[in-house]
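Notes follow once the structure below has been shown.
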Amino acid sequence: MTDRLGELTATGVAIWLDDLSRVRLSSGGLDQLRREQHVVGVTTNPTIFAKALSDADEYNWQLRDLAARGVDVEEAVRMLTTYDVRWACDVMRPAYDASGGVDGRVSIEVDPRLAHDTDRTVAEAKALWWLVDRPNLFIKIPATEAGLPAITRTLAEGISVNVTLIFGLDRYSAVMEAFLAGLELAKQNGHDLTKIGSVASFFVSRVDSEVDKRLDRIVGEASDTAGKEGALALKGRAAVANARLAYERYAEVFSGDRWQALADAGAHPQRPLWASTSTKNPDYRDVIYVEELIAPGTVNTMPEPVVHAFADHGETSGDTVTGAYDDAREVFAGLERAGVDFTDVIAVLEREGVEKFEASWQELLDGVRRSLEAAAHGTGTPNKAARGNAEAAARAGGNA
1 MTDRLGELTA TGVAIWLDDL SRVRLSSGGL DQLRREQHVV GVTTNPTIFA
51 KALSDADEYN WQLRDLAARG VDVEEAVRML TTYDVRWACD VMRPAYDASG
101 GVDGRVSIEV DPRLAHDTDR TVAEAKALWW LVDRPNLFIK IPATEAGLPA
151 ITRTLAEGIS VNVTLIFGLD RYSAVMEAFL AGLELAKQNG HDLTKIGSVA
201 SFFVSRVDSE VDKRLDRIVG EASDTAGKEG ALALKGRAAV ANARLAYERY
251 AEVFSGDRWQ ALADAGAHPQ RPLWASTSTK NPDYRDVIYV EELIAPGTVN
301 TMPEPVVHAF ADHGETSGDT VTGAYDDARE VFAGLERAGV DFTDVIAVLE
351 REGVEKFEAS WQELLDGVRR SLEAAAHGTG TPNKAARGNA EAAARAGGNA
């Protein structure tokens with residue numbers, strides 16, 4: 001049989017799983033993906049945790065203990081989620097050791113309600129780092145305006161960071177600047193740069209969802225056939241073009257003198273991570289955001305169905321990014337001619353991204369609160385009390 005995931009890995013793409021649950025951990029499913037499907041990292045988000053909590057009886061003993069101790073709901077959420085992430089870090093430790101600390105990483109997100117508060121984001125990042133206490137942890141910090149200095153300050157503490165919710169090229173450039181500044185401060189602070197890792201999570205499918213919606217509106221309003229055909233021809237192309245141009249900027253930054261000084265001190269580059277890689281439009285190939293974004297030194301974080309889909313029928317044809325920059329620029333020229341304001345697209349996606357994760361976090365809190373109450377009063381199985389919130393959380397946050 002063709003090892004399609006192995007071929008993808010051989011091109012320099014690291015395969016990470018966009019999911020985590022205690023069932024996956026206790027069943028050995030995550031370890032199996034690491035051993036058999038080339039999965040070398042894990043990402044999480046509030047929606048994933050809300051669903052995990054509602055689906056598994058494995059949480060009941062911990063919920064009962066937390067209720068007996070009388071902890072508040074936010075502390076309970078920290079205890080539940082960091083327990084799973086710590087366990088996942090241990091499962092992925094062989095990948096971390098084999099890659100010299102590059103892969104084998106597991107990400108946990110700061111409270112998304114802090115996305116616009118730099119000081120509290122840094123404090124929360126430090127608290128999560130202490131709680132999990134594993135070298136292969138990533139702290140997820142959103143690439144908001146307030147998040148940028150938080151990224152620098154967190155890295156300066158020697159803490160590894162997954163920068164999330166990146167949609168636009170200018171913000172991505174600012175993220176790389178924050179990363180370089182953070183490593184420079186970490187070096188001044190005496191931290192071992194070989195131990196600090198970072199990825200920049202560039203969201204993909206959500207870009208097509210928003211742009212396609214606007215193109216459909218343009219098609220509906222166009223009076224000429226050429227205008228309709230031009231807009232239709234651009235559907236499903238913006239996300240890949242945007243990510244390819246992001247990689248172009250990555251290649252420029254990480255070949256410069258400033259980076260070289262850090263590399264000489266043992267630093268690892270901040271790899272681009274393609275997030276939100278499940279297709280939202282059923283008309284598109286289910287592995288398009290994997291096949292079209294193959295480039296060395298990247299991470300592709302996939303829900304398990306995408307992992308299996310690529311293993312079944314994914315095609316690896318070498319680097320599909322670096323030779324396509326001009327084509328990507330032509331896509332954006334076409335969007336501008338069609339009347340799509342991509343600056344506004346990015347602003348909408350960032351705002352909605354934060355709002356969706358805030359909503360998911362609130363659903364997670366509500367679910368845990370109900371579970372704690374059920375455990376405290378003996379009114380039923382604790383995790384069942386959270387199930388009413390899981391579907392709403394999934395609607396609110398969606399796939400990363």
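UniProt numbering applies: residue 1 is where the sequence shown begins, and numbers increase by one.
Just so it is clear, CB atoms sit at the ideal spot from N, CA and C, and this is done for glycine as well.
It should be emphasised that the depicted structure is a prediction, and the values quoted were computed from it without experimental measurement.
Check: Can you give the Cα-Cα distance for T40 and E221, rounded to whole angstroms?
Finding: Looking at the sequence itself, residue 40 is Val, so the reference to Thr does not match. Going from the Cα of V40 to the Cα of E221 covers about 47 Å.
Margin query: Spatial neighbours of G230 within its chain, please: C-beta separation below 8 Å, excluding the five flanking residues on both sides.
Written below: Cβ neighbours of G230 beyond the five flanking positions: G334, R337, A338.
Margin query: In chain order, what are the residue ranges of uninterrupted alpha helix (DSSP H) at least 4 long that sit wholly in the segment 26 to 114?
Written below: Complete alpha helix (DSSP H) runs here, min 4: 29 to 36, 46 to 55, 60 to 69, 73 to 91, 93 to 98.
Item checked: Residue range of the alpha helix (DSSP H) that includes S209 -> Where S209 is concerned, the enclosing alpha helix (DSSP H) stretches over 205 to 221.
Checklist line | CB-CB length for T320 against I288, believed under 8 Å | finding: So it is not a contact: roughly 11 Å between Cβ atoms.
Notebook entry, point to check: Measuring CB to CB, does V290 end up less than 7 Å from A239?
Noted result: Going by C-beta atoms, V290 is not nearer than 7 Å to A239.
Note to self: According to DSSP, is T154 part of a helix, a strand, or is it coil?
What the structure shows: helix
Check: By DSSP, does F254 sit in helix, in strand, or in coil?
Finding: coil
Notebook entry, point to check: Along the chain, which unbroken stretches of the alpha helix (DSSP H) at least 4 residues long are found entirely within the segment 299 to 360?
Noted result: 304 to 313, 325 to 338
Next item on the list: Would you mind working out which of D90, P142, V23, A186 sits nearest V175, comparing C-alpha positions?
Entry: Taking only the C-alpha atoms, the option nearest V175 is P142.
Next item on the list: Name the two residues that bound the continuous alpha helix (DSSP H) containing D170.
Entry: 169 to 188
Margin query: Going by beta-carbon coordinates alone, are A275 and S201 separated by less than 7 Å?
Written below: yes
Check: Would the beta-carbon of G236 fall within 7 Å of that of Y172?
Finding: no
Next item on the list: Taking R64 as the reference, give the member of D18, L80, V331, R113 with the closest Cα.
Entry: L80
Checklist line | Assigned secondary structure, R17 (DSSP; H/G/I helix, E/B strand, else coil) | finding: The sequence given here has Leu at residue 17, not Arg. Of the three classes helix, strand and coil, the one that applies to L17 here is strand, per DSSP.
Notebook entry, point to check: Bridge partners of I166, per DSSP?
Noted result: F202
Check: In its own chain, which residues sit with a C-beta less than 6 Å from the C-beta of Y250, not counting the 5 before and 5 after it?
Finding: P272
Margin query: Just to confirm before moving on: does the CB-CB distance between N162 and F179 stay below 7 Å?
Written below: no
Next item on the list: Name the residue from A14, T44, D326, V331 whose alpha carbon lies nearest to the alpha carbon of L20.
Entry: T44
Check: Do you know offhand how far V102's Cα is from K228's?
Finding: 46 Å
Checklist line | Alpha-carbon to alpha-carbon, D264 and D192 | finding: 12 Å
Next item on the list: Note down, in chain order, each residue of its chain lying with its Cβ closer than 8 Å to the Cβ of T144, except the 5 sequence neighbours on either side.
Entry: A115, H116, L165, E350, V354
Next item on the list: Answer with buried or exposed for N399, where buried requires no fewer than 16 other C-beta atoms within 10 angstroms of its C-beta.
Entry: Because N399 carries a pLDDT of 45, less than 50, the predicted location of this residue cannot be relied on, and the following value inherits that uncertainty. Buried, by the Cβ-count rule.
Next item on the list: Pick helix, strand or coil for L234, following the three-state DSSP scheme.
Entry: coil
Margin query: Helix, strand or coil, according to DSSP, for L262 in the structure here?
Written below: helix
Item checked: Spatial distance of V23 from V199 (CA atoms) -> 27 Å
Next item on the list: In angstroms with no decimal places, state the Cα-to-Cα distance between N300 and H38.
Entry: 12 Å
Notebook entry, point to check: Does DSSP put P282 in a helix, a strand or coil?
Noted result: coil
Check: Which first and last residues belong to the beta strand (DSSP E) in which L293 is found?
Finding: Neither: L293 is in no beta strand (DSSP E) and is coded neither H nor E.
Next item on the list: For G397, count neighbouring C-beta atoms within 10 Å of its own C-beta (all shown protein chains included) and say buried if the count is 16 or more, exposed if not.
Entry: Low confidence applies to G397: its pLDDT is 46, below 50, so where it sits in the model is not reliable, and the reading given next is rough at best. Result: buried.
Check: If you drop the 5 nearest sequence neighbours on each side, which residues of the same chain put their C-beta closer than 8 Å to that of T146?
Finding: The sequence shown places Ala at residue 146, not Thr. So the qualifying residues of the chain are A115, H116, D117, T118, T121.
Notebook entry, point to check: Expressed to the nearest angstrom, what Euclidean distance is found between the alpha-carbon atoms of P269 and V91?
Noted result: 24 Å
Notebook entry, point to check: Buried or exposed: E252, going by 16 or more other Cβ atoms within 10 Å of its Cβ?
Noted result: exposed
Next item on the list: Measuring alpha carbon to alpha carbon, tell me which of I346, V307, V132 ends up nearest S278.
Entry: V307
Next item on the list: Please report the Cβ distance between G158 and I108, rounded to the nearest whole angstrom; I am assuming they are in contact, meaning their Cβ atoms lie under 8 Å.
Entry: Wrong, their Cβ atoms sit about 17 Å apart, outside the cutoff.
Next item on the list: Inspect the beta-carbon positions of A243 and V204 and report whether they are closer than 7 Å.
Entry: yes
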